[in-house]
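S.K.:
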Amino acid sequence: PVRLQEADLMVESVSTAASALQGQAIDVTWVVKNIGDAAASTRWSDRVHFAASPDLSGATVLTNRPVGEASPLAPGASYNGSARVALPLNPNLAAGNYVVVVVADGANQQPESDENNNKASSGIAVTPPPFPDLVVSNILGPEVGVAGQVVDLVWTVANQGTAAATGPWSETISLSGDE
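Numbers in this note's numbering are just positions in the sequence shown, counted from 1, shifted up by 892.
1) I want to know whether the segment 1017–1035 touches the segment 917–937 - three or more CB-CB distances under 8 angstroms.
2) In chain order, what residues of the same chain have a beta carbon less than 7 angstroms from the beta carbon of Ala1057, not counting five sequence neighbours either side?
3) Could you pull out every residue in the same chain whose Cβ sits closer than 7 angstroms to the Cβ of Leu948, ignoring the five residues on either side in sequence?
4) Over the uninterrupted beta strand (DSSP E) stretch that includes Asp938, give me the two end residues.
5) Would you call the segment 998–1014 and the segment 969–984 in contact, with 3 or more CB pairs under 8 angstroms?
6) In whole angstroms, give me the CA-to-CA distance for Ala986 and Pro964.
7) What three-state label does DSSP hand Ala1078 in the structure shown?
8) Kindly indicate which three-state DSSP category Glu1007 falls into: helix, strand or coil?
9) Within 10 Å of its beta-carbon, does Trp1061 have 16 or more other beta-carbons around it, so buried, or fewer, so exposed?
10) Leaving out five residues on either side along the sequence, give the residues of the same chain with a beta carbon under 8 angstroms from the beta carbon of Gln916.
11) Starting from Ile1031, follow the beta strand (DSSP E) in both directions and report where the run begins and ends.
12) Identify whether Ala895 lies in helix, strand or coil by the three-state DSSP scheme.
13) So which of Ile918, Glu961, Gln914, Asn956 has the shortest CA-CA distance to Thr934?
14) For Ala996, write down the residues that DSSP places opposite it in a beta bridge.
15) Taking a contact to mean a Cβ-Cβ separation below 8 angstroms, would you say Ile1016 touches Ala910 in this structure?
Spelled out as structure tokens, the structure:
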């Protein structure tokens, strides 16, 4: 019988910070080894994800990293990958435990004998950074207005959050018959 020799890329390890703030840049390092019996000779990229679990459901791709000089990768050989990535910044992302997942050959460019061992992960505790919280109060205006007439409105905006409100924002006025 004829036995095909094939490459098999396996992520041996992933390491990153144990904890970080949302939006913070972190360093991710990983090791990929060709455990197959043939060289991995196609150019490929490793993909770094941020996710709630290692199965990558709902994952955010943080970067794609071409392997460059690591290809071709001989049987039994390995290479070290690294990237500095920014974690997502989302006020709706709850504080908690997440994973940074590295997928070798993330786009399946390199034919392999086993595509199921191409990823590994490292846990990371993520907390939200301080956010501003703009609140409108003390709205003053006339009791009655006439269509087409200019009216003066005055209001106060206060930041009740734990961070400074930097950058521009807009304020919108809506008229309603409800109180």
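Note that CB positions come from ideal geometry on N, CA and C, so glycine has one too.
M.R.: According to the structure data:
1) no
2) For this step, residue 1057 is matched to residue 165 along the sequence shown. So the list reads Pro1024, Leu1026, Asn1051, once near-sequence residues are dropped.
3) Looking up residue 948 in the sequence shown gives position 56. Answer for Leu948: His941, Val993, listed in chain order.
4) Counting from 1 along the sequence shown, the entry for residue 938 is found at position 46. From DSSP, the beta strand (DSSP E) with Asp938 extends over 937–943.
5) no
6) On the sequence shown, position 94 is the one that residue 986 refers to. On the sequence shown, position 72 is the one that residue 964 refers to. If I take the Cα positions, the gap works out to 41 angstroms.
7) There is simply no residue 1078 to check, as the chain begins at 893 and stops at 1071 in what is shown.
8) Mapped onto the sequence shown, residue 1007 falls at position 115. Reduced to three states, the DSSP call for Glu1007 is helix.
9) The residue labelled residue 1061 in the question sits at position 169 within the sequence shown. The residue is exposed, with fewer than 16 neighbouring Cβ atoms inside 10 Å.
10) Residue numbering aside, residue 916 sits at position 24 when the sequence shown is read from its first letter. The residues are Ala978, Leu979, Pro1021.
11) Along the sequence shown, one-based indexing puts residue 1031 at 139. 1026–1032 is the extent of the beta strand (DSSP E) around Ile1031.
12) Here the question's residue 895 lines up with position 3 in the sequence shown. What sits at residue 895 in the sequence shown is Arg, not Ala. DSSP places Arg895 in coil when its eight states are reduced to three.
13) Along the sequence shown, one-based indexing puts residue 934 at 42. Checked all of Ile918, Glu961, Gln914, Asn956; the closest Cα to Thr934 is Glu961.
14) Here residue 996 corresponds to residue number 104 of the sequence shown, with the count starting at 1. According to DSSP, which records beta bridges pairwise, Ala996 is partnered with nothing at all.
15) Numbered from its first residue, the sequence shown carries residue 1016 at position 124. Numbered from its first residue, the sequence shown carries residue 910 at position 18. The answer is yes: Cβ separation under 8 angstroms.
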